[in-house]
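J.:
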Amino acid sequence: MSKDESQMSQTERHESDLRFDVPAAMHIVSEDKDLLKDILRNYLKYCPNYVTDLERTIQGKELSDAARVAHSLKGSSSNIGAKRMTSLAVSIEYQLRNGDMAQASKLLKTIREEMEALTMVLDAYIQNG
Numbered sequence: 031m032s033k034d035e036s037q038m039s040q041t042e043r044h045e046s047d048l049r050f051d052v053p054a055a056m057h058i059v060s061e062d063k064d065l066l067k068d069i070l071r072n073y074l075k076y077c078p079n080y081v082t083d084l085e086r087t088i089q090g091k092e093l094s095d096a097a098r099v100a101h102s103l104k105g106s107s108s109n110i111g112a113k114r115m116t117s118l119a120v121s122i123e124y125q126l127r128n129g130d131m132a133q134a135s136k137l138l139k140t141i142r143e144e145m146e147a148l149t150m151v152l153d154a155y156i157q158n159g
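Heads up, the sequence shown is in the numbering used here, so the first residue is 31 and it goes up one at a time.
(1) Could you tell me how far apart the beta carbons of residue 66 and residue 55 are, in whole angstroms, since I believe they sit closer than 8 Å?
(2) Determine the burial state of residue 76: buried for a count of at least 16 other Cβ atoms within 10 Å of its Cβ, exposed for fewer.
(3) Just to confirm the assignment: which complete alpha helix (DSSP H) runs, minimum length 4, are found wholly within the stretch 103-136?
(4) Less than 8 Å between the beta carbons of residue 148 and residue 118, yes or no?
(5) Can you have a look at residue 115 and say buried or exposed, based on whether 16 or more other CB atoms are within 10 angstroms of its CB?
(6) If we ignore side chains and look at the alpha-carbon of each, how far apart do residue 80 and residue 103 end up?
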């Protein structure tokens, strides 16, 4: 393996760890892999709806409702070790609570993309983890 290939795989692993930190998630569930998979299934069942609700409330300029949805997404994502989604939810909640609709709208696109990527990672873990 070349140095570039080794570096790329380290970068990819780092990206994956930011998206879904398996050791942190396993710690949360006391190393119970079946429980973690159940929690991940529930996350995938409900959390994409948070993104839809964020879109709806931001488009409707319902800042306090949007901030509550962002807060829920933050907590749920933190509970499964989804570091990047947690960070994005923290950011958008802050922007919403401070009335910055322009920045919140920009973050929403990134959150939508992250949810798509996170869904693929979590599905793979549920199937193969």
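We put the beta carbon where it would ideally sit given N, CA and C, even for glycine. Just so we're clear, the structure is a prediction, and the values are computed from it rather than from any experiment.
T.: Let me lay it out:
(1) Right, the Cβ-Cβ distance comes to about 6 Å (below 8 Å), so this counts as a contact.
(2) Classification of residue 76: exposed, given that the 10 Å Cβ count is below 16.
(3) Complete alpha helix (DSSP H) runs here, min 4: 113-127.
(4) No, the pair does not count as a contact, with Cβ atoms beyond the cut-off.
(5) By the neighbour-count rule (16 or more Cβ atoms within 10 Å), residue 115 is buried.
(6) Whole-angstrom Cα-Cα distance: 6 Å.
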